[in-house]
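Final position of the sequence shown in our numbering is 524; the numbers increase by one with none missing.
By construction, the Cβ of each residue, glycine as well, lies at the ideal position given by its N, Cα and C atoms.
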Amino acid sequence: MANNIQDIRTDFPILDREIDGTELVYLDNAATTQTPESVYEVFETYYREYNSNIHRGIHTLSHEASVAYEEAHDRLAQFIGAEGREELVFTKNTTESINLVAYGLGLRNLGPDDTIVTTEMEHHASLVTWQQIAELTGATIQFIRVTDDGHLDMEHANELIGPETAVLSVTHVSNVLGTVNPVAELAELAHDHDAYVVVDGAQSVPTRPVDVEEMDADFLAFSGHKMAGPTGIGCLYGKRRLLEEMDPFLYGGEMITHVTFDRSVWNDPPWKFEAGTPPIAEGIALAEAADYLDDIGMDRVREHEDRLAQYLLERLEARDDVTVYGPPSGEQRAGLVSFNVDGVHGHDMSSLLNDRGIAVRAGDHCTQPLHERLDIPGSVRASFYVYNTTDDIETLLDAIDDANAKRDAYLRSERYHDAIYDHYKNPRNAGGLSDPTMRKSSDETVCGDDGEFHVDIGPDGTIERLAFESQSCAVSQAVASILTEHLEGMRLAEVAELNAIETLLDGQFPPLRRDCVVGPEDVIREAAREYVDRRTSTTP
């Protein structure tokens, strides 16, 4: 691939974009990859030449659209080694695919005597879904431990997977650790106990050869937007006999063959699970993305990503101020690296990198329980794809040099109100209160910061003292400090209607950091509303 990497880059015009005068370095591919011209040209062709609804239309446009859409199923089935279109359902994304299995299979088959086994490294798309199914059915959910070096504890897996196991749901590749899990070995273990095996392939199908028959997965979920395809389209592979047995997840047109006032008869898979007008253009474009990747060669995609990941790992591991998560250099892993720089929160680091035109992902990456297991509020993730180069990594490494000093200079710049830097370097009321009247955590904010307000409230509902504890970004810590000064002496009823921080800062902060600015205010306002509501409900 190294011989034609520049040719590949020319297929992605977005890589020529500049961010505030700096060339874009796109390292956020585990969230969404960029799309080559050949894929998005499918949309223009479809809407210009044969835009029509599929099936049952007795005219040329409908026929052409139907054929292209059906053949797209065949193409994606071929891409993952499935037998044919009957085993490949189009969905919106990986999340919907997992929900389709969980509700279509889990609700009917699981009960209080059953156990769902999954892992500590699961994405919320899987973890939250099975969590809800367990609550609805009375089933128990258990988690295979993650070792300190980022692998699944296979001894623990053998202890958990047993006669009571009804479902094993496992991610093929961790979107945080880069770990490539032994899904075939896990599937064999689960099948020995007649359990269903559901594999989250969101990070594996786009980055390496995947063969569902070799891994013996009962179900495999993946998304188009992570494999050079469009958003709004995903896939669910399921063994044909299981899809035939499963209940539909959505109901309506297309998924039926016959309807009376008394009953309905379901269509055959995959149409049984594609109710209503489907994402026609998206499905056809995803087939083109599969063609594009196969032209490169999925073995070469894997090798290229591995080479870049090892290149970055070796250099980060050599730094005393950086902590890297997941398998160390020299071990098999996917093309992503999550890390933290000492003293610099991920959101601040992401902002610094954005100033250099570098796009990474910072936060908990929809894996809050895994980050709790790692005992960190979040991480910075750099992830690679077919168009990335070692030059991109060198730009990243240069940008994280002296990150603490760069962060301070960034906060002192004219982009921020002076109060932000002042309160970050000299926080007021930090450290919390010993026995506060009220506590409110900030780990539920949109921005994902980790902190807590402590409030002492007088008999008349006035704030007497206010303090905070925080592992949040520099901006959110500063805002929390500003608010503790501003709100002291105010009545909780006033705080419940609070909308002051943007005015206090004269709107002087980058739009990219708005969530970090308003997040702490959202938390304390919600805390005040909850307190006022409780007092109101208990007042005679």
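Span of the beta strand (DSSP E) around residue i
i	result
W250	248 to 250
G549	Residue 549 is absent from the model: the chain starts at -15 and stops at 524.
T99	99 to 103
V243	240 to 243
A174	Taken as a continuous stretch (DSSP letters only), A174 belongs to no beta strand (DSSP E), being part of the alpha helix (DSSP H) at 167 to 175.
A186	Where A186 is concerned, there is no enclosing beta strand (DSSP E), given that its DSSP letter is neither H nor E.
L220	218 to 222
F203	203 to 207
Nonlocal neighbours in the same chain, by C-beta distance under 8 Å from residue i, ignoring five residues either side
i	result
E505	V463, L467, L482, N483, A484, I485
P262	I38, Y53, F74, E238
I(-8)	M(-15), I280, V370, Y371
T16	H209, K210, T215
G95	T121, G122, A123
E198	G65, A168
L45	Y34, N35, S36
S313	Q294, L297, E298, E301
P253	E70, E71, V73, G222, R224, L227, E228
Residue range of the alpha helix (DSSP H) that includes residue i
i	result
H355	352 to 358
S465	458 to 471
K390	387 to 396
S50	44 to 63
G267	264 to 280
L482	Segment: none, L482 is in no alpha helix (DSSP H) and carries neither H nor E.
Y24	21 to 29
S81	78 to 85
A383	374 to 384
Q(-10)	-11 to -6
DSSP state of residue i mapped onto helix, strand, coil
i	result
A451	strand
E7	strand
A109	helix
L72	strand
D402	helix
D419	coil
V364	strand
V194	coil
L94	coil
L(-1)	helix
D444	coil
Y180	strand
V154	strand
A259	coil
R475	strand
S525	No answer is possible for residue 525: it lies beyond the span of the chain, which begins at -15 and ends at 524.
V516	helix
A212	coil
D12	strand
A511	helix
V370	coil
V501	helix
Cβ shell of residue i (< 6 Å), same chain only, five flanking positions each side left out
i	result
T79	A109
T241	V249, N251
L300	V306, V308, F323
L173	I145
Y87	F233
F203	V85, V182, G222
E48	Y34
P361	D434, Q455
R1	L8
Same chain only: Cβ atoms within 7 Å of residue i, ignoring 5 sequence neighbours per side
i	result
V189	I64, F206, M211
D517	none
A346	G330, H331, M333, S334, G362, V364
Cβ-heavy atom distance, residue i to the ligand SAH, below 7 Å
i	result
L161	Inclusion of the ligand SAH in the displayed structure is not the case, the ligand content being empty and no account of it being possible.
List in chain order: all unbroken alpha helix (DSSP H) runs of 4+ residues lying wholly within the stretch 288 to 361. 330 to 339, 352 to 358
Considering only residues of the stretch 110 to 149, which uninterrupted beta strand (DSSP E) runs meet the minimum length of 3 residues and lie entirely inside it, listed in chain order? 124 to 128
Examine the Cβ distances between the stretch 173 to 185 and the stretch 265 to 281 and report whether three or more of them are shorter than 8 Å. no
Touch check for the stretch 335 to 350 and the stretch 306 to 314: three-plus C-beta pairs under 8 Å? no
Examine the Cβ distances between the stretch 432 to 444 and the stretch 412 to 422 and report whether three or more of them are shorter than 8 Å. yes
If you pair each beta-carbon of the stretch 184 to 198 with each one of the stretch 147 to 160, do three or more pairs fall below 8 Å? yes
Contact between the stretch 162 to 173 and the stretch 117 to 137 (3+ Cβ pairs under 8 Å): yes
Evaluate contact between the stretch 136 to 150 and the stretch 214 to 221, counting only Cβ atoms and requiring at least three cross-stretch pairs below 8 Å. no
Any 3 or more C-beta pairs closer than 8 Å across the stretch 499 to 518 and the stretch 472 to 480: yes
Indicate whether the contact test is met: 3 or more Cβ pairs, each with one atom in the stretch 23 to 32 and one in the stretch 349 to 363, closer than 8 Å. no
Does the stretch 441 to 458 touch the stretch 286 to 300, meaning 3 or more C-beta pairs lie closer than 8 Å? no
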